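Trainee: In our numbering, the protein residues as written are 112 to 713.
Before anything else, here's the structure in question.
Take a look at the structure:
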């Protein structure tokens, strides 16, 4: 028999389970199939041992093994004859060679839903037997379509036990001293995807008989949920793991630390404890690490830079780390976000080290009881910052002028500190992409003279108390929304109001015209001056004015009604008047005739 087998294919190989039926070469023993031509003798011997101690209707029967007398000593396992001579993979995906060998009848057959369901149940029963009915549970670890053989009645039988392990500790205990080869891909049970919601469990007889058979649709739905586990692979290697809020307790599993190609690791919102997990130094390709909202304690190690220097996102917030921030953090030159808020850091931090992270877009150090310190001038080098959160971290001194270099900032929060110095006299946030509403707290800047917020995406009303700023002289609020604040009529110091391209509604506040210092009002276009808006929809009567410094009165294309006010004769410096396209009525006052004549003489 050995001679016949050795001559069946070059090199003395019998073939693999997908193709070669031994009984075609040895008709007298037609119940035997050469099923596994693995060159790994250890795996073959392990499979031979496993199949020698188990018996089940849905597990393939091992007839024996054959070892080649060649130098490589190839081991061949001989399974029972499966008639169909192929595995589930070929039925699902097709294999032209096996189809031709199996004949036209098989080529035309397709697996219908009833057959697929029956195969799934067969596999489940076999796994149930391995887990519960063996003296020591057996974990297969390599369930896949190529390891599921089908007989003439499409009954499924599990094969391929080369990676299986006997769990002598019991089913609910960890598998001891096991290393899964990186090239071996097994099957992840869909139940694990819902384990965090209380549905995870091992297959039992009740599950097979009462749930899988009548509820395959739900089971397939759980298979879809499996992808929510957040395990990403590329080129056969695990590159990302997301176990956000998985209720993982105590220490980080050591198996994670052996993933050399891991780039993304999210372990946030778990119950991990202990000091900073230096075992992650082994993940040399790591670019994203989120350990936030856990229970880590102790100091950050001085050599924290032994993490991948390719790190781009590091989030350690909402833990209980203490002590200093090590200067080694400054060696992550590619870091884009450094999130360290809400810990117990009670030492110092190196402003120069953090200031060297010029790629940073997000920096949060808030809610840490650091030793009292100034805002580092080096933070002015972080010109790509869009988010800077420095609340409640014991800052003292003045706000440094270098922060004005952070032109990309969308959020700056330095509240709840001990900062000193005078309130700013000028606040210019114009020509940015700021969103939201103008904060009401802006009226607390009592020394403010200049307020520029134009060309942003601000919404809502201008704070009603902005006119109460006692020193305000220049207000520019282009592209803002809402109702124009009436309080500006009480601002005796205002010189310039520019609020063009707006969406204001209602009457323009009449009190504004009583501001004696008012010289320019722009509420229409971008480059016009005057007292009333152009290209708006203000309505009502044209108000009288004591703003004698005005020299342009542009009120074209509005809804003003009534008569022209005679008091406008007091505007001695007025050189241009445009009241076209309104709803004015009555006679033109004689003052206007005299003004026109005076203009003609000029």
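For glycine and all other residues, C-beta sits at the position ideal for the given N, C-alpha and C.
Please read these numbers as outputs of a predicted model, since none were measured by experiment.
Check whether the segment 371–387 and the segment 395–405 touch, using three or more Cβ-Cβ pairs below 8 angstroms as the test.
Mentor: Contact between the segment 371–387 and the segment 395–405 is present, because at least three Cβ pairs lie under 8 angstroms.
Trainee: Cutting at 6 angstroms between CB atoms, please list the residues of its own chain near residue 475, excluding the five before and the five after it.
Mentor: Excluding sequence neighbours, residue 475 sits near 450, 452 and 500.
Trainee: At which residue ranges does the segment 450–529 contain complete alpha helix (DSSP H) runs of 4 or more residues, listed in the order of the chain?
Mentor: Whole alpha helix (DSSP H) segments, 4+ residues: 462–466.
Trainee: What would DSSP say about residue 175, mapped onto helix, strand or coil?
Mentor: In this structure, residue 175 counts as strand in the three-state DSSP scheme.
Trainee: For residue 237 and residue 224, I'd like the C-alpha separation in whole angstroms.
Mentor: Cα to Cα, residue 237 sits roughly 20 angstroms from residue 224.
Trainee: Assuming residue 397 contacts residue 428 under a Cβ cut-off of 8 angstroms, what Cβ separation, rounded to an integer in Å, is found between them?
Mentor: Residue 397 to residue 428, Cβ: 18 angstroms. No contact.
Trainee: According to DSSP, what are the bridge partners of residue 352?
Mentor: DSSP lists 342 and 376 as partners of residue 352.
Trainee: Could you tell me how far apart the beta carbons of residue 530 and residue 508 are, in whole angstroms, since I believe they sit closer than 8 angstroms?
Mentor: About 7 angstroms; that satisfies the 8 angstroms criterion.
Trainee: Quick check on residue 163: buried or exposed, where buried means 16 or more other Cβ atoms within 10 Å of its Cβ?
Mentor: Burial call: exposed.
Trainee: Going by Cα to Cα distance, which pick from 446, 442 and 433 is closest to residue 426?
Mentor: Of the listed residues, the one whose Cα sits closest to residue 426 is 446.
Trainee: Measuring alpha carbon to alpha carbon, tell me which of 577, 255 and 521 ends up nearest residue 556.
Mentor: Nearest C-alpha to residue 556: 577.
Trainee: Tell me, which residues are paired with residue 422 by DSSP?
Mentor: Paired residue(s): none; residue 422 is not in a bridge.
Trainee: Can you name, in chain order, every residue of its own chain whose Cβ lies under 7 angstroms from the Cβ of residue 699, other than the five neighbours on each side?
Mentor: These residues qualify, in order along the chain: 675.
Trainee: Looking at the secondary structure, which residues open and close the alpha helix (DSSP H) in which residue 232 lies?
Mentor: Start and end: 224–239.
Trainee: Is residue 242 near residue 250, with beta carbons less than 9 angstroms apart?
Mentor: In contact: residue 242 and residue 250 (Cβ atoms closer than 9 angstroms).
Trainee: Would you please state the rounded distance, in angstroms, between the beta carbons of residue 466 and residue 436? I believe it to be under 8 angstroms.
Mentor: Not quite, the Cβ-Cβ distance comes to about 13 angstroms (not below 8 angstroms), so this is no contact.
Trainee: Could you tell me the distance, in whole angstroms, from the CA atom of residue 522 to the CA atom of residue 353?
Mentor: Looking at the two C-alpha atoms, the distance is approximately 28 angstroms.
Trainee: To the nearest whole angstrom, what separates the beta carbons of residue 272 and residue 193, a pair I think is in contact under 8 angstroms?
Mentor: The Cβ separation is near 16 angstroms, so there is no contact.
Trainee: Spell out the partners DSSP gives residue 260 in its beta bridges.
Mentor: Note: residue 260 sits in a beta bridge opposite 198 and 268.
Trainee: Identify every residue that forms a DSSP beta bridge with residue 694.
Mentor: DSSP, once it has assigned bridges, lists 672 as partnering residue 694.
Trainee: Would DSSP call residue 609 helix, strand or coil?
Mentor: Three-state result, residue 609: strand.
Trainee: Classify residue 414: buried if its beta carbon has 16 or more other beta carbons within 10 angstroms, exposed otherwise.
Mentor: Result: exposed.
Trainee: I think residue 514 touches residue 532, with their Cβ atoms under 8 angstroms apart; what is that distance to the nearest whole Å?
Mentor: Wrong, their Cβ atoms sit about 13 angstroms apart, outside the cutoff.
Trainee: Report the three-state DSSP secondary structure of residue 413 (helix, strand or coil).
Mentor: Coil, per DSSP.
Trainee: Relative to the alpha-carbon of residue 98, which residue among 369, 198 and 253 has its alpha-carbon at the smallest distance?
Mentor: No statement about residue 98 is possible, as the shown extent of the chain runs from 112 to 713 and does not include it.
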